[in-house]
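With the sequence shown counted from 1, adding 219 to any position gets you my numbering.
Glycine included, every Cβ here is placed at the ideal spot set by N, Cα and C.
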Amino acid sequence: MNEKTSSILPHALKGKAVFTKGNDPTPINGEHMLVEGYICRLKNGLLHGNEAYPAIEGPGHIEYWEEGVLKEISTNGFKRTEKYEKNADGSVRLVSVEEK
């Protein structure tokens with residue numbers, strides 16, 4: 220399957236990336252960030268969300284992440300759903316795409 224992703228983040232398929240503030244190495248916890256107009260929710264510096272509050276949310280686009288691991292993306296006005304699984308090396312791979 221094609222390993223491209225609709226994620227707004229370029230490192231989405233590479234696995235975890237810890238978000239910090241400036242030169243402070245402390246992970247951002249329980250805060251929201253705006254990335255190119257999208258709301259990003261963090262837990263211990265990692266993208267994290269749930270059904271009620273996706274990790275990344277924007278117009279016609281949501282991403283579900285669990286402790287820094289990409290799980291699912293609904294995009295294109297919620298007409299396309301991509302599902303992901305974690306590999307042994309910590310990266311993720313696209314396992315299915317559904318178009319409505």
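Identify, in the order they occur along the chain, each residue of the same chain with its Cβ nearer than 6 Å to the Cβ of residue i, setting aside the five sequence neighbours on each side.
i: L289; result: A231, Y303, V311
i: M220; result: A caution first: M220 carries a pLDDT of 44, below 50, which makes its placement in the model unreliable, though a value can still be read off. If we look at M220 and ignore the five residues flanking it on each side, its Cβ neighbours are L313.
Near residue i, which residues of its chain fall below 7 Å by C-beta distance, leaving aside the five closest residues on each side in sequence?
i: H251; result: I258, C259, R260
With burial defined as no fewer than 16 other Cβ atoms inside 10 Å of the residue's Cβ, what is the status of residue i: buried or exposed?
i: G287; result: buried
i: S315; result: exposed
i: E255; result: exposed
i: Y283; result: buried
Rounded to whole angstroms, what is the Cα-Cα separation between residue i and residue j?
i: T245; j: S225; result: 29 Å
i: L266; j: N306; result: 18 Å
May I ask you to report which of helix, strand or coil DSSP gives residue i?
i: L228; result: coil
i: K319; result: coil
i: K223; result: coil
Assuming residue i contacts residue j (C-beta within less than 8 Å), just tell me the rounded distance between them.
i: N295; j: G279; result: 7 Å
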